[in-house]
Each structure stands twice: as C-alpha cells, then as structure tokens.
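Participant: Got a structure here, written out as structure tokens. Questions coming.
Number of protein chains: 2
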Amino acid sequence: MDYDSLLELGDIVDIRYPAKGFIVIKPYGMMIIKNLYKLFEEQLEKDRHLPIHFPAIIPENNLRLEGEHFKGFEGEVFWITKAGLNELQDKYVLRPTSETAIYPMYSLWIKSWRDLPVKYYLSGTVWRYETKATRPLIRGREFLWIETHDAFPDQEHARTQINKDLEIANNVIKDRLKLDFLMFRRPDWDRFAGAVETYAIDTLLPDGKVLQIATTHYLGENFAKVFNIKYVDRDENEKYVHQTCFGIGINRILAALIYIHADEIGLRLPSSIAPYQAVIIPIGDVDEYVNKVYNVYANKYRIHIDNRDGITPGNKFYYWDKKGVPIKIIIGKIEKDNNTIEISTRSGKKERIDLGESLDKYLELNDKDLDYKMKIYDAKSIEDVGKILEIGGIARAPFYSIYKEGEEYYREIKEKFKAEIRGVRIDKDEKPEGQCIVSGRKAEHVVYIAKQY
Amino acid sequence: MDYDSLLELGDIVDIRYPAKGFIVIKPYGMMIIKNLYKLFEEQLEKDRHLPIHFPAIIPENNLRLEGEHFKGFEGEVFWITKAGLNELQDKYVLRPTSETAIYPMYSLWIKSWRDLPVKYYLSGTVWRYETKATRPLIRGREFLWIETHDAFPDQEHARTQINKDLEIANNVIKDRLKLDFLMFRRPDWDRFAGAVETYAIDTLLPDGKVLQIATTHYLGENFAKVFNIKYVDRDENEKYVHQTCFGIGINRILAALIYIHADEIGLRLPSSIAPYQAVIIPIGDVDEYVNKVYNVYANKYRIHIDNRDGITPGNKFYYWDKKGVPIKIIIGKIEKDNNTIEISTRSGKKERIDLGESLDKYLELNDKDLDYKMKIYDAKSIEDVGKILEIGGIARAPFYSIYKEGEEYYREIKEKFKAEIRGVRIDKDEKPEGQCIVSGRKAEHVVYIAKQY
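First to last, the protein sequences are chains Z and R.
When you line the first sequence up against the numbering used here, it's residues 282 to 734, in that order.
When you line the second sequence up against the numbering used here, it's residues 282 to 734, in that order.
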C-alpha cells in the first residue's frame, strides 16, 4: 500500500496544519512515538546516559562559533528576531541540532578527568527550514529525535562509544522493530558539518529510496577546540576532550515502521511499539466477562476494549486489522461460558485459549511475520547500477575511494542516476574485487549506491 | 535552606546558558521531571486522555483569531520572522500555549456527537517573553508543562471534566508528591485570556509567596465560536462544543518540591519521583555482594550504586543526603557475611534487614516525613492581612465579591500589600461572616490573600 494511504488509514498524522512543512502527529502515531522513545531511552540509560534539558533556542553568537558547522546550517535555521513588541538585539535561532547550545556548557562543566566521560541525551524537537519537497515524518521542518552528546578523555574511548551507539541502534531497530538496515561509514563528502567521521544507518523504503534513520558522529577535538572543552588528566596535563554525538530520528523510524511492514490490508506493527498489543472485541452481552479478561491481561500487556456503539464486531475486526494491532481478542457467549478467549492474530491465525494463558506466543508470532530483507544486488558495471535502482534496490559495487579523491567519480553517479553513494559497511569488512565501476581505477572500497530521501 | 542554594546543592539547573531567562535542566533535575511527567500522564491516560503532538510554532493569523486571547499574549510571544536567508511572508510565533494551534484542527476533526468527547494532552515546551525578573524553574522564558485540550457536547460534561482535572492534580500533587495546596476559583479579573472561568492550584513557598502550579479553564463556547468547532447532535441539531483545558506546570512543581520539602541538610524527595529511591554505598571490598543486592532490588526500585573512586563512604553518605535520596543502603563486610543490608533513611533511621526484604516500608516512612501544612490564618481586618503576609502566610478573609464589582476593592489590597486575591476555595463551601475587610460591605465570599510569584 502506498505511504500516504497508510498514514491516512492509521490515522497517524494530519498534514493540514496551516504552516508548510509542519504537521500534527495524531494520538495513534504519538502513542507509537512514546513507545519508541521508551525503547531507545532504556537502552541509552543502560549504557549510562543521563537525560538533560537544553533550551530550544540558540543565541546567534553560539551558532557562529564553529565555522563549518554554521555554514552547514545557516541556510536552514529559523530566526527569532522579535519578542513581544521589541526587536531583539541578540537574535536567536531555533535549534537545528544542539551542539552549539550544549558545548559552551560542557566547557564550564568539564574540568578534570574525574568529570569524564560525560554521556547525556536530549529527547526533543529540532527545526530545520527544509526547502526540498517535504514528506510527512520523512522530511519536515520540525522533527522529533533523540540526540546524545558524549565527551571522553581520548579517541579510543570515543570510538568505543560509536560502536555502542550502533549496538543500541541494532538492539532496538533490528531486534525490537524488525527493520532491516545497513550501517555505513559515510564518504568524506557526506559528513556532518564539523565532524571527523559520520556513521549512519539506512533502511530501504518500499518505493526504492533509502532513508537515513540514525547517525553517530566522531567529532574528534574539532568542537572541543572551538568551545574550549578541556580537562586536566591524571598526570596534570591539560587536554581536549574527544566527542561523539548520536542522533536517532524518531519521526523517520515511525515512517519506516509504517511503510515497510504494511501489507495490502493496512498497517502491521511490532508488538514492542504497538499502541495496543491486543484489542478486545466483545460480541453480544458479555460486558462483565470482558472486564474480567481486561483485568487479567492489563498488567502485562497494552490492552484496549473496543466498546464503541453502533459498529458491528466484523467492522471492528477489520478496523483494528488496518491499524496493525498484533492480536484481536474476540469474546462472545461461548468464551464467557467456557472461561476462554479467542485469539486472532494480524496474520490470520485463530486459536481459542484459556483465560489467563500468556499472549507472548502470539505477539512473537506477529513479530516474526514482520521479518524481511532489503533488496541488495551486486553491480559489476555502471549499467548494472541503473538496472538495480530501476527496480527499487540498493546496488553494491566496487568503487575507487570514499575519501576526497573519489568525489569526482561520485559526482558522475549523482548526475547520471540522481543517486548517492551511501558509504562502506562497518559491520562487515568487505574487500573490493576488480575495478571501480565509474573510473576503471583499482577499487579501494565496496560501496552501496541508492536513491535517497 | 534558601532556594538558590538548594538548586546548587541538588545540581538541578544551570542558569549560565547565554540567553536571558533560558536555563539548562541538569540530569538530576531532568530525572525528576521525567518521573513527574510519568505520574501525570498515567493519571491522564486512566482518565482516557490520549497523547498528541502539535507544532511548536503558530502562524500569526491563527494567534490573532481570538481577540481577547491575542491581546493577552501579544506582549509575550517570540516572533519567527526569518528562515534561512529569507524573510518570512507569514510570520510565526513560538507557542505561549496551544489553543490557537489546536482548535483550528479540532474544527476539522469534530463533526458529529460520535466524535465527542475529544480528550488529548500535549507534553512539551512553551515559550513566553517574560519581562518580570526571572527565577529558575519558577518564572522563565521557556517552560515544560502538560496541557490538555478537551471538547464536550455540553456544559455539564465540561464541568465534570474540571472536577476530574482537579482530582488528578490532587492524586499526584498531594498523595504522591506530598505538597500541600489550595484549589481556587480565580476572581473574574484574574481569568485566563479567553476563558469563562479559571480554576487554579496554588502552593505556598517557604519565602511566603504562593506559586500557581496548575490551572484548569472552562472555556465555554468562546473558542468554539471563534474557531468554528461544531458538531451535529443525535437530533441532527448543529451545536458548538464546550471546552476545557488543563495546564500542569512541571517546572514549577519541581521548584515547589525542592524548596518546600528541603531541610537544613539539603533536598528531601518523595519516593514517587526521586531519581534514585535507594543508593548503595559499598564499604571495602564487597563488589560481588553489591551486585547481588542491586540485582535483587533493581526490578522493583530505582537503585544506584555509588562506586566512585577516591570518595569516602562518609562523604558519599553526606552527598546523597544532600541530594534527598530516600534510602541509603550501606554494605560492608558484616552485611556480606550475613546476607543482610543496612538501611539508613533520609530522616536518620537505621536498620539492618535481610537481603530481599521489601524497601516499601522505608520509602513510605520517607514520604510520611514530608507531610506538612501551609500557613493559613484568618484575617478579621485589613491590618490582620498585613501581619499575616509579613510572616509569610496566606490570609483568609471575608470579601465583597470575586466578580467584576469587587475588582475596585481588590485594587486597594494590591496597592497596599502588592498581594493578590487568589480566589474562593472550590473543594469546600466557605460561607463568609460579617463585612468585607476592604469595603465594609456585606461579604459575599471568603477569599485567600497572598503574595504571589
């Protein structure tokens, strides 16, 4: 089913908010988002990150401090120039990301090796003035995310964190959300403004475009030097911290979940984030037994009773199928008389079980049905790349270099296919064979080529 | 202890963020805030509110629609006039509250009696350009809150909701947070801009000023008429909805918690929101047993192990006392050898218990110690009011009227004492005796007079 129909069917967003690129996220979407935040925050906290709140506005002077970073964001920030009836002397921007808000404070907080590591996360909103065509949850002018900002005594600790970030992403996105993805080191020309290296997680949407859903950046000492974040080590030497930051695109993960797992009926949701893991549909006069069933399961599962008037059980059944609820629990006279419930999974499996029996098995079944693999094909020539992109796949190909010297060959791909080189795998050491498909030079990397959002 | 010292001691905020009136909330403060959100959201969801997300920006045209509302907020909104390198044709404001963002969408969503009630809540940030002196968490230009926006078919249902709102506030603020407060109907001259009636919850801070921590407004059909929110009832008649909205000041509740419950040592936190309900302090080489203790309790309680190097157990003990942790668990060789733990409560009670024994009793003890009553005294004359305010209390007094016709007498109090008439109690029917303390007229109301933040 196409993306816009799914958003409509799931009652996920309303795009009629009267400001271009800004949308309302409706309750069913917001309940999923709250569950997504919970999953990621739990993992981050297990990895000893603590929550923190920073203002949504950044003084212009702060934003300007890191030159490359400012250049990267200057064209896409919203400016606050007036307050009440006064013109502001010192203007603010709405944060497009929080480095320049946070790091001046880190320079006040970090003094000694005893203060390290610092590992904080922000769950919140950022704003970017996107001028490309917007798409609900995928590209907008306001989006919900988590950003971590970590500081370490040296490069080694910082690089260890990058791996932990990717592990957290894997634990949630693959294991709990059942989304397939690739982990890349981005080419040099595709780094975050101000970063030494950028690592990213891409998933492939059914329309054949990849979507970046998370990134983690190794910032080295770049920002530490600009914002003067120094510490005294055990030997009394003053050193700059090494920093990492990790962005988790909550909106985009919601978009991917909805779009990728859907079938011809409607949404299908992993049980980890489904607003309701099971919906009770009563048939006939069984109110008392329905409440009993609810009370048996409500402590362990997210349960909803659909007791709407004037809608047939059949229509309720169909309604919750479209909304992607993992389990429907049908309760009629037979169930009441026998102290049982009838389970009906989203994939069509029906079973009558005793009241009180665990629902875990059925939720696992639901999640297992969601497993899938992205379409990735080997390209041996530039023509192959064209064919693979044509059928909505990702092309894997030998390429000269993801460092600066490879950029000119990337430009050819960009022009020919309006596609991107997403980078080299980092979860797997892939050795290139033969020549670069663009330049004919000896290939140094195996890269993945795809159209992107 | 004074408020600023407590914020410092608890490491709750940092006020050095380089934009006036904007502060950073540090992890210990943010962990409390996350727990506060959870408590309130659970109650709201039990009362069938659903979460929703609305943009942080409101188009100028929307804000202007309700005239009285716009007049009320015009002087205190931040204006976004530029995006990237472009001047915006249609300007935005940062939401100071969300009525004018939400209600245009309600007019699209609500069509029939079947769509009612609508009960949604937003957990998020709002911004107001405060020109009065700011105070961290109490009065700032950015604050965290929850706002509900409910629509009902008639006045009766709307008024029932007002009572539910107040019940939710009572359940959390009194029962879980152990804060004493008064519930008022505000005088006519102190209504929310655009509301028919405003109800509010005030607590008294140790410096003798009351702090408004929550409000619920009966909006009647005022906004429905402006934003055209109509429905067709069961008899096919078109009617306006009746609306209520409920604001819960999360920042201010944090401020009240910290300030009110503190003693000469430092913070004291209710167990419902303490970032850590218990902190384990190891003495000597007991790592393995400490982990065992942690694993026994971590599923049920929020536990932290203080295994910092180079800090004595005594200093750790003192450190966590200042931070207001309800229970310290001391673990040394004796405890290890006997499979016990030593409990030490914030109030000084010590007990050795078997590993695995419930901590509930000690948390309850902690919370019980926090109970207190605000200072409220009867005033029989205007002089009495002065004396009561002098000693940091709230004065209860007979007053002519909280309706418009009483405003001139309120002005006298305002000028004389820089104090406010907070309103009449709504949880209690108080009959006035004798004359109004200002006008000498027959008193129609018993009002409460206090200095306010």
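Cβ atoms here follow ideal geometry from the backbone N, Cα and C, with glycine treated the same way.
All values reported here derive from a predicted model rather than from experimental measurement.
Confirm, please, whether the CB-CB distance from Ile314/Z to Leu651/Z is below 7 Å.
Facilitator: Against a cut-off of 7 Å, the Cβ pair of Ile314/Z and Leu651/Z comes out as no contact.
Participant: Taking 7 Å as the cut-off, decide whether the C-beta atoms of Lys413/R and Lys732/R are in contact.
Facilitator: Not closer than 7 Å, so no.
Participant: Determine, using beta carbons only, whether Ile610/Z and Ile561/Z come nearer to each other than 7 Å.
Facilitator: Yes. Within cutoff.
Participant: Measure the beta-carbon distance from Lys604/Z to Tyr309/Z and round it to whole angstroms, keeping in mind my assumption that it falls under 8 Å.
Facilitator: With 8 Å as the limit, Lys604/Z and Tyr309/Z qualify as a contact, their Cβ atoms being about 7 Å apart.
Participant: Could you give the first and the last residue of the continuous beta strand (DSSP E) run that contains Ala536/R?
Facilitator: Unbroken run through Ala536/R is the alpha helix (DSSP H), 531-542; no beta strand (DSSP E).
Participant: Locate the beta strand (DSSP E) running through His726/Z, then write down its first and last residues.
Facilitator: Unbroken beta strand (DSSP E) run through His726/Z: 726-733.
Participant: In the segment 588-622 of chain R, which residue ranges form an unbroken beta strand (DSSP E) of at least 3 residues, counting only runs that do not cross its ends?
Facilitator: Those beta strand (DSSP E) runs which fall completely within the segment 588-622 of chain R and span 3+ residues are 608-612.
Participant: Helix, strand or coil, according to DSSP, for Thr441/Z in the structure here?
Facilitator: Helix, per DSSP.
Participant: Name the chain R residues whose beta carbon is nearer than 9 Å to that of Thr415/Z?
Facilitator: Neighbours of Thr415/Z on chain R: none; closest Cβ ~13 Å, over 9 Å.
Participant: Would DSSP call Ile546/Z helix, strand or coil?
Facilitator: Note: Ile546/Z maps to coil in three-state DSSP.
Participant: Compare the Cα-Cα distances from His498/R to each of Pro385/R, Ile454/R, Gln436/R and report the closest residue.
Facilitator: Of the listed residues, the one whose Cα sits closest to His498/R is Gln436/R.
Participant: In three-state DSSP terms, what is Met311/R?
Facilitator: If DSSP states are grouped into helix, strand and coil, Met311/R belongs with the helices.
Participant: For Tyr643/R, decide whether its Cβ has a neighbour in chain Z, counting only Cβ atoms nearer than 7 Å.
Facilitator: No - not a single Cβ of chain Z is within 7 Å of the one on Tyr643/R.
Participant: At a CB distance below 9 Å, what residues from the segment 356-368 of chain R approach chain Z? Give them in sequence order.
Facilitator: Taking 9 Å as the Cβ-Cβ cut-off against chain Z, the residues of the segment 356-368 of chain R that qualify are Gly356, Glu357, Val358, Phe359, Trp360, Ile361, Thr362, Lys363, Ala364, Gly365, Leu366, Asn367.
Participant: Would Glu693/Z be called buried (16 or more neighbouring beta carbons within 10 Å of its own) or exposed?
Facilitator: Under this definition Glu693/Z is an exposed residue.
Participant: Pull up the DSSP beta-bridge partners for Asn367/Z, would you.
Facilitator: Looking at the DSSP assignment, Asn367/Z forms a beta bridge with Ala364/Z.
Participant: Identify every residue that forms a DSSP beta bridge with Tyr521/R.
Facilitator: BP columns for Tyr521/R point to Lys511/R.
Participant: Would you mind working out which of Ser628/R, Ile624/R, Pro332/R sits nearest Glu638/R, comparing C-alpha positions?
Facilitator: Minimum Cα distance to Glu638/R is reached at Ile624/R.
Participant: Taking 7 Å as the threshold (beta carbon to beta carbon), is Val305/Z in contact with chain R?
Facilitator: With 7 Å as the cut-off, Val305/Z counts as an interface residue toward chain R.
Participant: In the DSSP assignment, the alpha helix (DSSP H) including Val577/Z goes from what residue to what residue?
Facilitator: 568-578 is the span of the alpha helix (DSSP H), which, as asked, contains Val577/Z.
Participant: Buried or exposed: which applies to Lys319/Z, given that a residue is buried once 16 or more other Cβ atoms fall within 10 Å of its Cβ?
Facilitator: Counting Cβ neighbours within 10 Å, Lys319/Z comes out exposed, since fewer than 16 surround it.
Participant: What would DSSP say about Tyr557/R, mapped onto helix, strand or coil?
Facilitator: Coil.
Participant: If we cut at 7 Å on Cβ distances, does Lys623/R have a partner in chain Z?
Facilitator: It should be noted that the sequence gives Glu, not Lys, for residue 623/R. So no, Glu623/R is outside the interface.
Participant: Taking a cut of 7 Å between CB atoms, which residues from the segment 592-610 of chain R lie near chain Z?
Facilitator: Result list empty, no residue passes.
Participant: Starting from Asp710/Z, find everything on chain R with Cβ-Cβ shorter than 9 Å and list it in chain order.
Facilitator: Chain R residues near Asp710/Z: none, gap ~36 Å exceeds 9 Å.
Participant: Check each candidate in Val567/R, Gly475/R, Gln442/R and name the one with the smallest Cα separation from Thr378/R.
Facilitator: Measuring from the Cα of Thr378/R, the nearest candidate turns out to be Gly475/R.
Participant: For Leu331/Z, go through chain R and note every residue whose CB falls closer than 8 Å to its CB, in chain order.
Facilitator: Neighbours of Leu331/Z on chain R, chain order: Pro308, Met311, Met312.
Participant: Can you confirm whether Phe335/Z, when its beta carbon is compared against all beta carbons of chain R, has any partner nearer than 7 Å?
Facilitator: For Phe335/Z, the answer is yes, since a Cβ of chain R falls inside 7 Å of its Cβ.
Participant: Taking 7 Å as the CB-CB limit, is Lys400/R close to chain Z?
Facilitator: Cβ-Cβ to chain Z under 7 Å: no for Lys400/R.
Participant: Under the rule that 16 or more other beta-carbon atoms within 10 Å means buried, what is Ile672/Z, buried or exposed?
Facilitator: Ile672/Z should be labelled exposed.
Participant: 7 Å is my cut-off, CB to CB: does Pro340/Z come that close to chain R?
Facilitator: Yes, Pro340/Z lies at the interface with chain R (some Cβ there is under 7 Å from its Cβ).
Participant: Using a Cβ-Cβ cutoff of 9 Å, what residues of the segment 411-435 of chain Z are near chain R? List them in chain order.
Facilitator: Listed by position, the residues of the segment 411-435 of chain Z near chain R (Cβ gap below 9 Å) are Thr412, Arg422, Glu423, Leu425.
Participant: Using the DSSP secondary-structure output, state which residues sit across from Ser625/R in a beta bridge.
Facilitator: For Ser625/R, which the question treats as bridged, DSSP gives the partners Lys609/R, Lys631/R.
Participant: If I measure Cβ to Cβ from Ala432/R and keep anything under 7 Å in the same chain, skipping five residues before and after, which residues do I get?
Facilitator: Excluding residues within five positions, the ones whose Cβ falls inside 7 Å are Tyr387, Ile391, Leu397, Pro398, Val399, Ile510, Val522, Gln524.
Participant: Hey, does Ala700/R have any beta-carbon neighbour from chain Z nearer than 7 Å?
Facilitator: No, Ala700/R does not count as interfacial toward chain Z.
Participant: Roughly how many angstroms separate the alpha carbons of Arg722/Z and Glu714/Z, rounded to a whole number?
Facilitator: Computed Cα separation, rounded: 11 Å.
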